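Enquirer: Have a look at the structure that comes next, please.
Protein chains: 2
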Amino acid sequence: MKLREFAQQLGLSPTTVSRALSGYPEVSEKTRKRVAEEAARLGYRPNINAVRLVTGRAGAIGVVMGRSGEFHFSEFMGGLAERLGAEDIDILVSPMDDKDPKGEIQLYSRLAVSGRVDAVIVHSPEPNDERIALLHKLGMPFLVHGRSDTDVPHAWLDIDNEGAIRRATSHLIDLGHRRIAMINGRQGRTFSLHRDKGYRDALQARGIPFDPRLVAHGNFTDELGFRFARSFLEQTPRPTAFVAGSMMTALGIYRAARSMGLEIGREVSVIAHDDVFPYLTADNMVPSLSATRSSMRAAGARSADLVLQLLAGRPTSEVQELWPVELILRESTAPPPQSK
Amino acid sequence: MKLREFAQQLGLSPTTVSRALSGYPEVSEKTRKRVAEEAARLGYRPNINAVRLVTGRAGAIGVVMGRSGEFHFSEFMGGLAERLGAEDIDILVSPMDDKDPKGEIQLYSRLAVSGRVDAVIVHSPEPNDERIALLHKLGMPFLVHGRSDTDVPHAWLDIDNEGAIRRATSHLIDLGHRRIAMINGRQGRTFSLHRDKGYRDALQARGIPFDPRLVAHGNFTDELGFRFARSFLEQTPRPTAFVAGSMMTALGIYRAARSMGLEIGREVSVIAHDDVFPYLTADNMVPSLSATRSSMRAAGARSADLVLQLLAGRPTSEVQELWPVELILRESTAPPPQSK
DNA sequence: GCAAACGACCAAACCGTTTTAAATTTTGCC
DNA sequence: GGCAAAATTTAAAACGGTTTGGTCGTTTGC
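Protein sequence lines, in the order shown, are assigned to chains B and W.
Letter 219 of the first sequence, counting from 1, is numbered 219 in our numbering, and no numbers are missing.
Letter 321 of the second sequence, counting from 1, is numbered 1321 in our numbering, and no numbers are missing.
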């Protein structure tokens, strides 16, 4: 049913009906109520594409999905969707070819120009991120999940990676560990740099020299966790503790330790960062995994809020949120063997 | 830039330009080329919302995302996006509240009526699925990822769950196992039923009685894998082998066995279904995990193809694809201890 | 040599809303 | 009761494309 027919049935003009439904003030309360009731009864809904054309709003926000193993992606999306569903705003997912860095910029560019979305969410930024510069230049509203060091102003939501890893590392030091290995995320990403800094600062604060041979970077996969942990554990003296970037990495470390006959929580301590997944929980691992924890789903939901605020006109400089991270100690951390 | 201005600059009518860009035949090859070149040079792109309004096509397909731990979701989406990105078709994600079954139908209904999408993908159907009936009734094109037993005609892409589990179970029987436990997916889903059937048929074919105490259903989480495996292993006589529905379930089973001092691949055999994730690979588990394997990402990509075919007018009854499943034997399966 | 068919292009109608500007009705006040 | 101001309602103009139904030469068929 079109607006025209619907209005005719009500004996009103399309204008009034449109206004009544959109909540404009210049329509009497009585008519508004009647219009709303009849709309529900007759099932009238404005054609979304006509609305989009005339208002210039897309009613959607864009998310770019990387190709390589993004298991936290669906949690973030879940949170986003949860909050956005109530607002009648769509989520539009675009794929990104990780292999072609040029393609990424083009993709964002297309997304911004095409008018399909009102705003974009940028993930895993780098300190000087090209995407951020581009979106700013194009005037497309965007929220960064993470942060960037660039001069370009940007709204962001990030967790305190530096503080989380500093505390995790400090805790291991407190327990008596001196050789602490770190398996971090992809090199170059801001969050990896922040974690590196937290790690180094914790060491430095206690006068423990930084050993580059104990640090590795890469995607969050069980395989890399295993390989890196394995190669670290083959060093002499071997590390007595690990700080790991993700749950998958932790799985790999557990395997590596086990494969070398080392008992986690006694001969090797592990702390990982847990984004909180319904399907893989730190508490259930054996031994249960000490972790810095921050819900990816909650971040997604909050990101939706922030994007909405951005679109409502709140200035970019005000939309910046840093979340503290919990440190939850479980069985995988203990004093190193020699100091027991 | 609008079509009008752009056409004027070229000295052509909007009609001709529109046709040239859309590839209609009634425009000379020479002009078409000129139009294409100038469009690229001047950066003209038709306003997508105007196109949507006038054509009535949304240029998007919808995917409904469940709330509970869908770690395969992002892989499927990745495949989908990969293929759809080239077609300039958007993917629209809607959240679903798992707790409210009524809400789900409403959601699909809204999606279909709202005109935001040209087609929908339905996941994890049930034998008599309400969503399928609804979409059929509303005349909204849709593809089911999985299958349904309903009379309602529907296009689908599914993997041969029954065959996969039959072969997995048969293989365990061949190795000498007699008490084989099965940790399946959520009760009521078609794929769970198919897997149950494969399991039972394999047992029956070899005259092994079916024992309901060896079968469990639930979400694919490590926690349920652990709990079920644990309770099965506490039975006497205990099962000597497991068939598991997912990688996460397998992780739980590994943990359970280990926690009881049982060695996987010697005292307990395990075969799981692997949807192929970049971040967690069966080959890298210790011991490496025997698995029935089928790529979720490939299924996503193919689903995109099929939806496109559906939209191009290919009849529903022709769009039905059943994929065979590989069985890959690794270290986690071996003859049971007593028969060694 | 002439009508019919064809190729290349165009003017105008239309898609279904929102919004501007103007018209109409109500209300408030003396 | 009359008049200006306020409160409602409306007609018509966008929004930016696609598509229908021509027009105007040029070929083609016989």
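Ideal Cβ placement from N, Cα and C applies to all residues, glycine included.
Quick caveat, the model's predicted, so the values are computed rather than measured.
In chain B, which residues lie less than 9 Å from M1260 (chain W) when you measure between Cβ atoms?
Expert: Counting from 1 along the second sequence, the entry for residue 1260 (chain W) is found at position 260. Those do not exist, as M1260 (chain W) stays about 11 Å from chain B at its closest Cβ, beyond 9 Å.
Enquirer: Looking at the secondary structure, which residues open and close the beta strand (DSSP E) in which P1337 (chain W) lies?
Expert: To locate residue 1337 (chain W), count along the second sequence from 1; it is residue 337. Looking at the DSSP string, P1337 (chain W) is not in any beta strand (DSSP E), and its letter there is neither H nor E.
Enquirer: Do we get a CB-CB distance below 8 Å when we pair N1047 (chain W) with the residues of chain B?
Expert: Reading the second sequence from its first residue, position 47 is the one you call residue 1047 (chain W). Yes, N1047 (chain W) counts as interfacial toward chain B.
Enquirer: According to DSSP, what are the bridge partners of A1181 (chain W)?
Expert: In the second sequence, the residue the question calls residue 1181 (chain W) occupies position 181. Looking at the DSSP assignment, A1181 (chain W) forms a beta bridge with W:F1242.
Enquirer: Identify the residues that DSSP records as bridge partners of P1095 (chain W): which are they?
Expert: Taking the first residue of the second sequence as position 1, residue 1095 (chain W) is located at position 95. Answer is W:M1065.
Enquirer: Going by the CB atoms, is the gap between E1331 (chain W) and G1265 (chain W) shorter than 8 Å?
Expert: Start at 1 with the first residue of the second sequence, and residue 1265 (chain W) comes out as number 265. Start at 1 with the first residue of the second sequence, and residue 1331 (chain W) comes out as number 331. In this structure, E1331 (chain W) lies closer than 8 Å to G1265 (chain W) by Cβ.
Enquirer: Determine the direct distance from the alpha carbon of A272 (chain B) to that of M248 (chain B), and round the result to whole angstroms.
Expert: Translated into positions along the first sequence, residue 248 (chain B) becomes position 248. Translated into positions along the first sequence, residue 272 (chain B) becomes position 272. Each residue's Cα considered, the two are about 9 Å apart.
Enquirer: Candidates W:R1255, W:V1051, W:R1297 and W:F1191: which alpha carbon is nearest E1126 (chain W)'s?
Expert: Your numbering for residue 1126 (chain W) matches position 126 in the second sequence. Nearest C-alpha to E1126 (chain W): W:F1191.
Enquirer: Interface residues of chain W around G11 (chain B) at Cβ under 9 Å?
Expert: Locating residue 11 (chain B) in the first sequence gives position 11, counting from the first residue. Correct list: empty, because the minimum Cβ distance to chain W is about 25 Å.
Enquirer: Under the assumption that A250 (chain B) contacts V270 (chain B) (Cβ atoms under 8 Å), give the Cβ distance between them as a whole number of angstroms.
Expert: As a working note, residue 250 (chain B) is residue 250 in the first sequence. As a working note, residue 270 (chain B) is residue 270 in the first sequence. That pair is a contact at about 6 Å.
Enquirer: Report the partner residues of E1326 (chain W) according to the DSSP bridge assignment.
Expert: Along the second sequence, read from residue 1 onward, the residue named residue 1326 (chain W) stands at position 326. In DSSP, E1326 (chain W) forms a bridge with W:R1293.
Enquirer: Taking C-beta pairs closer than 7 Å, name the residues in chain B that Y1279 (chain W) reaches, listed in chain order.
Expert: In the second sequence, the residue the question calls residue 1279 (chain W) occupies position 279. Chain B residues near Y1279 (chain W): G69, F71, F220, T221, D222 and M248.
Enquirer: Check distances from the C-beta atoms of the stretch 1222-1244 of chain W to those of chain B and list, in chain order, the residues that come in under 7 Å.
Expert: Those would be D1222, E1223 and F1226, in chain order.
Enquirer: Which residues does DSSP pair with K1060 (chain W) in a beta bridge?
Expert: Against the second sequence, residue 1060 (chain W) aligns to sequence position 60. It should be noted that the sequence gives Ala, not Lys, for residue 1060 (chain W). Answer is W:D1090, bridged to A1060 (chain W).
Enquirer: Using CA coordinates, which residue listed in B:G78, B:A155, B:I48 and B:P46 is at the minimum distance from P315 (chain B)?
Expert: For the purposes of this step, residue 315 (chain B) is identified with residue 315 of the first sequence, where counting begins at 1. Among B:G78, B:A155, B:I48 and B:P46, the Cα nearest to that of P315 (chain B) belongs to B:A155.
Enquirer: In chain B, what lies closer than 8 Å to D1275 (chain W) by C-beta?
Expert: Position 275 of the second sequence, counted from the first residue, corresponds to residue 1275 (chain W). Those do not exist, as D1275 (chain W) stays about 12 Å from chain B at its closest Cβ, beyond 8 Å.
Enquirer: Could you check whether L1134 (chain W) and L1143 (chain W) sit closer than 8 Å to each other, using their CB atoms as the reference points?
Expert: Within the second sequence, residue 1143 (chain W) is the residue found at index 143, counting from 1. Within the second sequence, residue 1134 (chain W) is the residue found at index 134, counting from 1. No, the Cβ-Cβ distance between L1143 (chain W) and L1134 (chain W) is not below 8 Å.
Enquirer: Pick out whichever of W:E1075, W:A1036 and W:E1005 has its Cα sitting closest to the Cα of L1278 (chain W).
Expert: Residue 1278 (chain W) sits at position 278 when you count from the first residue of the second sequence. Per the sequence shown, the amino acid found at residue 1278 (chain W) is Pro instead of Leu. With distances taken between Cα atoms, P1278 (chain W) lies closest to W:E1075.
Enquirer: Helix, strand or coil: how does DSSP classify L1143 (chain W) here?
Expert: In the second sequence, counting from the first residue as 1, residue 1143 (chain W) sits at position 143. Strand.
Enquirer: Take R297 (chain B) as the anchor and find which of B:S317, B:V319 and B:D274 has the nearest alpha-carbon.
Expert: Position 297 of the first sequence holds residue 297 (chain B). It is B:D274 whose Cα lies nearest to the Cα of R297 (chain B).
Enquirer: With a cut-off of 8 Å, do at least 3 Cβ pairs link the stretch 281-299 of chain B to the stretch 1304-1324 of chain W?
Expert: At 8 Å Cβ cutoff, the stretches do not touch.
Enquirer: For L306 (chain B), collect the residues of the same chain with a Cβ closer than 8 Å to its Cβ; drop the 5 residues on either side in sequence, then sort them by chain order.
Expert: Along the first sequence, read from residue 1 onward, the residue named residue 306 (chain B) stands at position 306. If we look at L306 (chain B) and ignore the five residues flanking it on each side, its Cβ neighbours are L143, A155, L157, V319 and E321.
Enquirer: Please say whether L1003 (chain W) and P1014 (chain W) have beta carbons closer to each other than 8 Å?
Expert: The sequence position of residue 1014 (chain W) within the second sequence is 14, counting from 1. The sequence position of residue 1003 (chain W) within the second sequence is 3, counting from 1. Cβ distance < 8 Å, so P1014 (chain W) and L1003 (chain W) count as in contact.
Enquirer: Given a limit of 9 Å on CB to CB distance, which residues of the stretch 1130-1145 of chain W reach chain B?
Expert: So the list is empty, because no residue satisfies the distance condition.
Enquirer: Given a threshold of 16 other Cβ atoms within 10 Å of its Cβ, counted over all protein chains shown, does P1153 (chain W) qualify as buried or as exposed?
Expert: As a position in the second sequence, residue 1153 (chain W) is number 153, starting the count at 1. Exposed: under 16 other Cβ atoms inside 10 Å.
Enquirer: Would you call T240 (chain B) buried or exposed, if buried means 16 or more other Cβ atoms sit within 10 Å of its Cβ?
Expert: The sequence position of residue 240 (chain B) within the first sequence is 240, counting from 1. Buried, because 16 or more other Cβ atoms sit within 10 Å of the Cβ of T240 (chain B).
Enquirer: Pick from W:D1149, W:A1040, W:M1182 and W:A1119: whose alpha carbon is nearest that of D1196 (chain W)?
Expert: Sequence index remark: in the second sequence, residue 1196 (chain W) carries index 196 (1-based). Ranking the options by Cα distance to D1196 (chain W), first place goes to W:M1182.
Enquirer: Who does R1269 (chain W) pair with in a DSSP beta bridge?
Expert: On the second sequence, position 269 is the one that residue 1269 (chain W) refers to. The identity of residue 1269 (chain W) in the sequence shown is Ser, whereas the question assumes Arg. W:A1241, per the DSSP bridge assignment.
Enquirer: Just the Cα atoms here: how many angstroms apart are L1053 (chain W) and A36 (chain B)?
Expert: For the purposes of this step, residue 1053 (chain W) is identified with residue 53 of the second sequence, where counting begins at 1. For the purposes of this step, residue 36 (chain B) is identified with residue 36 of the first sequence, where counting begins at 1. Looking at the two C-alpha atoms, the distance is approximately 24 Å.
Enquirer: For T333 (chain B), count neighbouring C-beta atoms within 10 Å of its own C-beta (all shown protein chains included) and say buried if the count is 16 or more, exposed if not.
Expert: Position 333 of the first sequence, counted from the first residue, corresponds to residue 333 (chain B). Buried is the call here.
Enquirer: Where does the unbroken alpha helix (DSSP H) through H136 (chain B) begin, and where does it stop?
Expert: Position 136 of the first sequence, counting from 1, holds the residue named residue 136 (chain B). Counting along the chain, the alpha helix (DSSP H) containing H136 (chain B) begins and ends at E130 to L138.
Enquirer: Looking at the C-beta of V1093 (chain W), does it have a partner C-beta in chain B at a distance below 8 Å?
Expert: Mapped onto the second sequence, residue 1093 (chain W) falls at position 93. Closer than 8 Å: yes.
Enquirer: Would you identify the three-state DSSP class for V1152 (chain W), choosing helix, strand or coil?
Expert: Counting from one through the second sequence, the residue named residue 1152 (chain W) turns up at place 152. Looking at V1152 (chain W) - three-state DSSP - the assignment turns out to be coil, as it is neither helix nor strand.
Enquirer: Quick one: what's got a C-beta closer than 7 Å to K1340 (chain W)'s C-beta in the same chain, skipping five residues either side?
Expert: On the second sequence, residue 1340 (chain W) is found 340 positions in, with the first residue counted as 1. Here the model assigns K1340 (chain W) a pLDDT of 43, short of 50, so the residue's position is not dependable and the matter cannot be decided.
Enquirer: Mapping DSSP to helix, strand and coil, what is H341 (chain B)?
Expert: Examination of residue 341 (chain B) is not possible in this model, given that chain B is present from 1 through 340 alone.
Enquirer: Since D1090 (chain W) meets chain B, which of its residues come closer than 7 Å, beta carbon to beta carbon?
Expert: Here residue 1090 (chain W) corresponds to residue number 90 of the second sequence, with the count starting at 1. The contacting residues are L92 and R116.
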